[in-house]
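Chains A and B are the protein sequences, given in the same order. Per this note's numbering, the very first residue in the first sequence carries number 1; after that it's consecutive. Per this note's numbering, the very first residue in the second sequence carries number 1001; after that it's consecutive.
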Amino acid sequence: MVELIFYGIVLGSIISLGAIGLSLVYGILRFANFAHGDLMSVGAYTALFLVTGFLAWIGVSDATFGPLSFGWRMLIAFPVSMLAVAGVAILLDRVLYRKLRAKKSGPVIFAMSSLGAAFILRMIILIFWGADSLFYRPGMLRPAYELPLGVKIRPDQVFIIILVCVLMTTLHLFLQKTKMGKAMRATSDNIELARVSGIDTERIIIWTWGIGGALAAAGGILYGVDVQLHPYMGWNFLIPLFAATILGSIGNIYGAMVGGFIIGVAQQVSTAFLMPTYKPAVAFTIMIVILLIRPKGIFGGSER
Amino acid sequence: MIILEATVITAGYSKLDILKEVGIRVRDGEIVSIIGPNGAGKSTLLKTIFGLLKPRHGRVMLQNRDITGWSPDKIVKEGISYVPQVDNIFTSLTIEENLEMGAFIRRDDFSGRLAEIYDLFPMLAERKKQKAGQLSGGQRQMVAMGRALMLDPQVLLLDEPSAGLAPNLAAMIFDKIKAINKTGVSMIIVEQNAREALKMAHHGYVLAMGKNVLDDSGKALLTNKEVGKLYLGG
Ligand SMILES: Nc1ncnc2c1ncn2[C@@H]1O[C@H](COP(=O)(O)OP(=O)(O)OP(=O)(O)O)[C@@H](O)[C@H]1O
Ligand SMILES: [Mg+2]
């Protein structure tokens, strides 16, 4: 059980990274981006390309760090992929969503367009990498530490949790302390008033997509490190992402962080009672229950 | 000297014209009050001046510049600030952050201006770390005005600053408005509280059904029989 909770925290930290971006974008643009999960996949596969392709080709060492399953290649690929996916997300906004905003399209049009974008991103991955599961280091044995109570923990997983905490703290400081971060919160709170105050909301929107995309990439890569890569990985994350976002009150990024951990733990713990294939159903059930009994989520409804 | 002038403004939200050939003029340092029944188009006029609505006809001139059809973010840089009638604060931000957002486009050090705003509204200084959403109506109005003043505007547009406030709080807000005006800020104020609005106004306009009905000095309108009967409660 302790082991399942720990695995749940690992999974939850990955879900949180995706949910934050979903929530950020919703907070400012009031639209549910169904392509967000696939941005996670794009991040994972960008890193795969760098690790097994480009960085190998330019001769970066293949050695791993101590007990971890990755080395310098991944350490370089990680931030580069975050930047790349930030770029993809911003590009998607510029060529697609911004046009819809300009036309004042309704929520259904936005939902359909983001589904289309999700599909295109996934097809690109399928074309280049095929439909099989892949690993950053195929055949790598991943040793685990045995802790008391028979709990097995892999060093990679500890690394993942620490890294996610660092990313979240950085985001928190950005939002609370910097001028751009505060303007992002202000725009999310009241975009009309932000415009009235002279804030360039289009620039805020670009930042929002960039941060959301970068965090999605981080989540996708870490899932690839922890489990495996698959073209449908991000798409399969979509329900847990929405469940976490809604649980934490949509638009509230701190809620999304907490929601992500709750969903991750719930999903993993459920495998003690249910077949692992029911994991998505667990997230879906939590989402439906929240929507029925507390549609504003656990952090909603106190302000405004 | 005329600082702001809107002439023969015709504007609306869709096909329908809400404002029909409305004009208003603000001299440097003046308080101009606009009164009129609900739905007269008072808020619509402020939105049009501030560029939130593009007029179908007419002109908005700031000093000698034609700012007709400019976007709000450009107009704000030219020295007009606007406090909307509703949703005029960032509820999830602290008081201080609300004021900082008012100064978002400033690249210089605005700590001096921040101190001036706190001098004007000492109540805000005591609670600067508090979420604006937790404040009472009067305090919210102060935050909203404070935000708009951060850019040190030449002209301030206020839409119903006393709406929903108890009489003593409304009186306090009117005192603050006079104090702001004394520092040289010209203002257009839309008010339901017509008597108080005309008392402090150098000039007043009566708007009804999207048209200019009357305009005169504040004093003259206060003693005008017609205005008294219709808007000042007899
Ligand atoms: N966003 C909008 N879209 C469409 N019509 C609007 C909008 N806002 C106001 N109107 C209409 O425009 C007309 C004038 O409204 P406006 O808000 O300017 O009146 P007002 O004089 O400010 O009234 P109040 O004293 O109630 O604030 C009204 O008939 C109103 O229904
Ligand atoms: Mg109004």
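Cβ coordinates follow ideal geometry from the N, Cα and C atoms, glycine included. Predicted model, so just to flag it, every value in this text is computed and none were measured.
What residue range does the alpha helix (DSSP H) around A/Ser188 cover? Lys179 to Asp189
Could you check which residue in A/Lys152, A/Thr245 and A/Arg137 has the C-alpha nearest to that of A/Pro143? A/Lys152
Residues near ligand 2, CB to any non-hydrogen atom under 7 Å, in chain order? B/Lys1042, B/Ser1043, B/Gln1085, B/Asp1159, B/Glu1160 and B/Val1190
Using the DSSP secondary-structure output, state which residues sit across from B/Lys1211 in a beta bridge. B/Ala1208
Kindly provide the ranges of any alpha helix (DSSP H) runs that are 4 or more residues long and lie completely inside the region 221-268 of chain A, ordered along the chain. Taking 4 residues as the shortest admissible run, the region 221-268 of chain A contains the following complete alpha helix (DSSP H) segments, listed from N- to C-terminal end: 233-247.
On the DSSP letters alone, give me the boundaries of the beta strand (DSSP E) that A/Lys152 sits inside. Val151 to Ile153
Taking the C-alpha atoms as reference points, what is the distance between B/Ser1043 and B/Asp1159? 7 Å
Straight-line CA distance for B/Lys1047 to B/Leu1053? 6 Å
My assumption, with CB atoms under 8 Å, is that B/Val1032 sits in contact with B/Met1172. Please give the rounded CB distance. With 8 Å as the limit, B/Val1032 and B/Met1172 do not qualify as a contact, their Cβ atoms being about 21 Å apart.
Could you check whether the Cβ of B/Ala1006 sits closer than 6 Å to any heavy atom belonging to ligand 1? no
Rank B/Asp1152, B/Lys1211, B/Asp1215 and B/Leu1165 by C-alpha distance to the C-alpha of B/Gly966 and give the top, closest one. Because chain B spans 1001 through 1234 in this model, residue 966 of chain B falls outside it and cannot be assessed.
Nearest to A/Thr169 by CA position, among A/Met1, A/Ile20 and A/Pro280, is which residue? A/Ile20
Where B/Thr1094 sits in the DSSP three-state scheme: strand
Put A/Ile206 into one of helix, strand or coil per three-state DSSP. helix
With DSSP as the reference, label A/Met1 as helix, strand or coil. coil
For A/Val51, count neighbouring Cβ atoms within 10 angstroms of its own Cβ and tell me buried if that reaches 16, exposed if not. buried
Give the secondary structure of B/Asp1087 by DSSP, where H, G and I count as helix, E and B as strand, and everything else as coil. coil
Please report the distance separating the alpha-carbon of A/Phe78 from that of A/Ile253. Their backbone Cα atoms lie some 22 Å apart in a straight line.
Of the listed residues B/Arg1107, B/Asn1168, B/Met1123 and B/Ala1103, nearest to B/Pro1153 (C-alpha basis): B/Ala1103
Could you name the residues that DSSP lists as bridge partners for B/Arg1311? The structure shown does not extend to residue 1311 of chain B, since chain B is modelled only from 1001 through 1234, so no value can be given for it.
Near ligand 1: B/Gly1058 beta-carbon under 6 Å from a heavy atom: no
B/Asn1224: beta carbon under 6 Å from a heavy atom of ligand 1? Distances between the C-beta of B/Asn1224 and the heavy atoms of ligand 1 are all 6 Å or more.
May I ask you to list, following chain order, the residues of the region 1002-1019 of chain B that have a beta carbon less than 7 Å from some beta carbon of chain A? none
Could you say which of B/Lys1131, B/Leu1151, B/Ala1163 and B/Ile1177 lies nearest to B/Gly1029 if we only look at CA atoms? Considering only alpha carbons, the answer is B/Ile1177.
Applying a beta-carbon distance threshold of less than 9 Å, which residues of chain A neighbour B/Phe1174? Close partners of B/Phe1174 in chain A (Cβ separation under 9 Å) are lacking, with about 23 Å as the shortest Cβ gap.
Is A/Tyr254 near ligand 1, going by C-beta to nearest heavy atom under 6 Å? no
In the DSSP assignment, find the beta strand (DSSP E) that holds A/Val108 and state where it starts and stops. A/Val108 -> not in any beta strand (DSSP E); alpha helix (DSSP H) instead, spanning Pro107 to Trp129.
Taking only beta-carbon positions, decide if B/Asp1216 is within less than 7 Å of chain A. no
Amino acids of chain B, ordered along the chain, whose beta-carbon sits closer than 8 Å to that of A/Lys182: Leu1093, Glu1097, Glu1100 and Met1101
Where does B/Leu1157 fall in DSSP's three states? strand
Would you list the one or two residues that DSSP bridges to B/Ile1009? B/Val1022
Just the chain A side, please: which residues come within less than 8 Å of B/Lys1077 by C-beta, in chain order? Gly198
Proximity test, B/Gly1039 beta-carbon vs ligand 1 heavy atom, cut-off 6 Å: yes
As assigned by DSSP and simplified to three states, the class of B/Val1190: strand
Going by Cα to Cα distance, which pick from A/Val166, A/Leu68 and A/Leu238 is closest to A/Arg137? A/Leu68
Going along chain B in order, which residues have a C-beta closer than 7 Å to the C-beta of A/Arg185? Ser1092 and Leu1093
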